[in-house]
Structures are given as C-alpha cells and as structure tokens.
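K.L.:
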Amino acid sequence: MTALETQGIAVTKIVIPAGEVNKNIESVQALWYGFLDASLERGSTVLALGGGVVGDLSGFAASTFMRGITWINVPTTLLAMVDASLGGKTGVDLPRGKNLVGAFYPPAFVLVDPNVLLTLPEVEIRTGMAEVIKHGIIGDPGLLEMCAGYRGEGELDKLITRAMAVKIRIIETDPYDKGERAALNLGHTVGHALELVSEYRLRHGEAVAIGMVVETRLAERLGLAEQGLSLHIASILAGINLPVDIPADLDRAAIRRAMGVDKKKSQGRICFSLPASLSRVLIGIDVPDDVLDAEI
Ligand SMILES: NC(=O)c1ccc[n+]([C@@H]2O[C@H](COP(=O)([O-])OP(=O)(O)OC[C@H]3O[C@@H](n4cnc5c(N)ncnc54)[C@H](O)[C@@H]3O)[C@@H](O)[C@H]2O)c1
Ligand SMILES: [Zn+2]
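Per the working numbering, the sequence shown starts with residue 829, numbered consecutively.
Written out as structure tokens, the structure reads:
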C-alpha cells in the first residue's frame, strides 16, 4: 500500500473475512459498498491480494461494479498462483453449490511473488502441490519429475512458473471452457464428491490427489491408459504426503451419488477427463457403471 501511495496513487484497503463460507453474494455486496465508500469510479482499479477466495470475489465484484472496472490479481496461495488466478473465472458460491454464479472477467494482469508463500501454512503448500502435479500430468512431464524430486519450499519458484505455463496454454486454446479446458478437471469429478461426502474433512487438494489416482485407474480399466500410470502418479503424490486412496470410512454409494451431481455432465451422464498418458488427457469420457463399481 505504501509503495502505491508514494507513487501518488490513492489506496483504500477493504478486508474480507477468510474462508470458503464467505465466498457468497453478501461478501460481494460488502465489496460493492466498500468501493462506493472509497469513491471508486469507472476508471478506478481493484487489486485483489489474497488466495482464491479473495480473487474470485474481488474479480466478480469488479466485473459488476459500474458494469465492470479494471482489476489486478495478486494471488498469495500456491493454489491461487498456479490455478485460481489464471483463466478469468470469477464468482461466488450459492447455498446449493460451489461457483454457481459468476462471470468470465480476466484481470488486467496477474502478479505472482513466491516470497509471499513464506507465511502460508504448510498444509496449504501441500494441498496446492496437488494442482501443480495435476498440471504436470496434463501437460509437462518434466514438471512431474520435478515434483517427484520435490524436497521443500525453496524449490517452489520453478514449479510455479511451469505449472502456470500449462494452465495458460490450455486457457488460451479454450478461453470460455467449451472443450479442451475440461482437461483441467482431471481428478476433480471424483475429488469433488470426496470433499462433499467427507464433509470437507478432506481438503480440496487431498480430495483431488485421491481423485487423480482413482480416475487414472478407471482409464487403465477402460484400456485408455497404459498400465502402471496410476502407480506412477500415486507414488509422486504420496512423496508429498498427499493421500492416494479413498478413506475406508467413506460411504461408496454416497460418493457415487455425489459424483452424479457434478456440474460437468452432458445429457445426464458424467463426463470424465481421464489421462491416457503423460501430457495426453481424454475429455468427455463416459465411464460405464460396472467399471465405476470396480473402483469405487
Ligand atoms: N477462478 C478459478 O478458476 C478457480 C480455480 C481453482 C480454485 N478456485 C477457487 O479458489 C478457492 C480456493 O483458493 P485457496 O486455496 O487459495 O484458498 P483461500 O483463498 O481460502 O486461502 C486459504 C487460506 O490461506 C490464507 N492465506 C492466503 N494467503 C496467505 C499467505 N500468503 N500467508 C498466510 N495465509 C494466507 C487465507 O486467509 C485462507 O485462510 C476456492 O473458492 C475455489 O473455488 C477458483
Ligand atoms: Zn482444483
């Protein structure tokens, strides 16, 4: 703030309470009123400094305030750096589900400084690594190997740059999520169901880690992926202390039901994004029930 003020830029700070429970329209309304109190005009700029929750909320508030004002995203979590800050999706949750209201509204730019991760709790780093590994599987085998040798936070800079590059490549090909961008959903069809059924005891990154392994096993069963791919992915995730198996106490039928309410559906069937090999994800795959029965 001081740096901006010394450049003669007037700055007003608006703080929003942390946590996914606050990613709602009430928080957006608080931001709109905050913008009015700060006398923002059409030419003003919103700078979102925080994790994915702050980015999604601030971007959505900026997209609608005075029919859209400029915003800049400065992500401060690993997940927000490699994933949430890229691709222009903004929005809020509704009581009936996550991210149900929003807009494509890209920031003017995204500024990433890995030094801010020094204060981020270890669990947030570990769970953010699940998305870094996902990007390695989707589009950068070299990144995946770097994750296999990951020994601690000192090595994050290079991982972040390469993980961002994979997402940027995909969103440039499919900015409005009409096709190829579905590859980014790898691990998330099963992952979202696990988050829900575990009542969020499993964190997003942990659920996605398990989801990636289970979905790769589905691909192996369908003959779409080479045998052994799931073991390879599981060993890299386990090396970072991420879980790779569905916890025994989670009700399998409930998981299957929860997968059925996934947003990524077409004509009532769930569309999976499954890895065929490293750097090749098949999208829109309909997995027969008996194959699902065998894995979940
Ligand atoms: N827009 C997209 O394309 C997209 C993609 C993926 C995820 N998301 C969204 O992102 C959200 C998750 O983001 P997240 O994982 O960043 O969680 P988050 O924003 O809730 O942040 C996690 C916690 O870390 C704290 N924090 C943030 N930066 C910190 C720092 N540098 N030091 C110490 N603490 C810090 C936050 O206050 C919070 O308590 C979800 O709402 C998800 O839907 C959006
Ligand atoms: Zn995710």
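Positions of the beta carbon are idealized from the N, C-alpha and C atoms, including for glycine.
Note that the structure is predicted; figures quoted are calculated from it, not measured.
Which first and last residues belong to the beta strand (DSSP E) in which ALA1082 is found?
P.N.:
Taken as a continuous stretch (DSSP letters only), ALA1082 belongs to no beta strand (DSSP E), being part of the alpha helix (DSSP H) at 1080-1088.
K.L.:
Within the continuous alpha helix (DSSP H) that includes PRO1071, where are the two ends?
P.N.:
That residue, PRO1071, is in no alpha helix (DSSP H); it is neither H nor E in DSSP.
K.L.:
Please state if the CB of ALA1086 and the CB of LEU1012 are separated by a distance shorter than 7 Å.
P.N.:
no
K.L.:
Hey, would you say ALA1021 sits closer than 7 Å to ALA958, going by beta carbons?
P.N.:
no
K.L.:
Comparing the CB of VAL1072 with every heavy atom of ligand 2, is any distance shorter than 6 Å?
P.N.:
no
K.L.:
Quick check: what's the CA-CA separation for PRO1071 versus GLY1015?
P.N.:
13 Å
K.L.:
Rounding to the nearest angstrom, what Cα-Cα distance links GLU973 and LEU1065 in this structure?
P.N.:
11 Å
K.L.:
If you follow the beta strand (DSSP E) that ALA1053 is part of, which residue opens it and which one closes it?
P.N.:
Neither: ALA1053 is in no beta strand (DSSP E) and is coded neither H nor E.
K.L.:
Alpha carbons only, please: which of GLU833, SER855, THR834 and ILE837 is nearest the one belonging to VAL843?
P.N.:
SER855
K.L.:
The beta strand (DSSP E) that contains ILE1111, what's its start and end?
P.N.:
1108-1113
K.L.:
Which residues mark the beginning and the end of the beta strand (DSSP E) in which LYS926 is found?
P.N.:
925-932
K.L.:
Using only the alpha-carbon positions, how far apart do GLY956 and VAL839 sit?
P.N.:
30 Å
K.L.:
Residues in its own chain within less than 6 Å of GLY1019 by CB, not counting five upstream and five downstream?
P.N.:
Correct list, in chain order: ALA1035, VAL1036 and GLY1039.
K.L.:
Can you find at least 3 beta carbon pairs, one from the region 959-978 and one from the region 882-899, that sit closer than 8 Å?
P.N.:
Below 8 Å, too few C-beta pairs join the region 959-978 and the region 882-899 to call them touching: fewer than three.
K.L.:
So for LEU1046, helix, strand or coil by DSSP?
P.N.:
helix
K.L.:
Going by C-alpha distance, which of GLN1095, ILE998, GLY836 and LEU1110 is nearest ALA1053?
P.N.:
LEU1110
K.L.:
Tell me which residues share the same chain as ALA1082 and place their Cβ nearer than 6 Å to its Cβ, disregarding the 5 neighbours each side in the sequence.
P.N.:
Answer for ALA1082: VAL1025, listed in chain order.
K.L.:
Where do the N-terminal and C-terminal ends of the alpha helix (DSSP H) with PHE888 fall, by residue?
P.N.:
Per DSSP, PHE888 belongs to the alpha helix (DSSP H) from 880-892.
K.L.:
Give a yes or no on whether the minimum CB-CB distance between GLU952 and chain C is below 7 Å.
P.N.:
Looking for chain C here will not work: only one protein chain is present.
K.L.:
Work out the CA separation of ARG1029 and PRO1075 for me, nearest whole Å.
P.N.:
11 Å
K.L.:
Note down the Cα distance separating LEU885 from ILE837, rounded to an integer number of angstroms.
P.N.:
If I take the Cα positions, the gap works out to 23 Å.
K.L.:
Flag this pair as yes or no: are the beta carbons of ALA866 and GLY883 separated by less than 7 Å?
P.N.:
One thing to note: ALA866 has its Cβ no nearer than 7 Å to the Cβ of GLY883.
K.L.:
Which ranges would you report for the alpha helix (DSSP H) in the region 969-1011 if only whole runs of at least 4 residues count?
P.N.:
969-976 and 984-1001
K.L.:
For the beta strand (DSSP E) that contains GLY967, what are its first and last residues?
P.N.:
Element bounds for GLY967: not the beta strand (DSSP E) but the alpha helix (DSSP H), 950-967.
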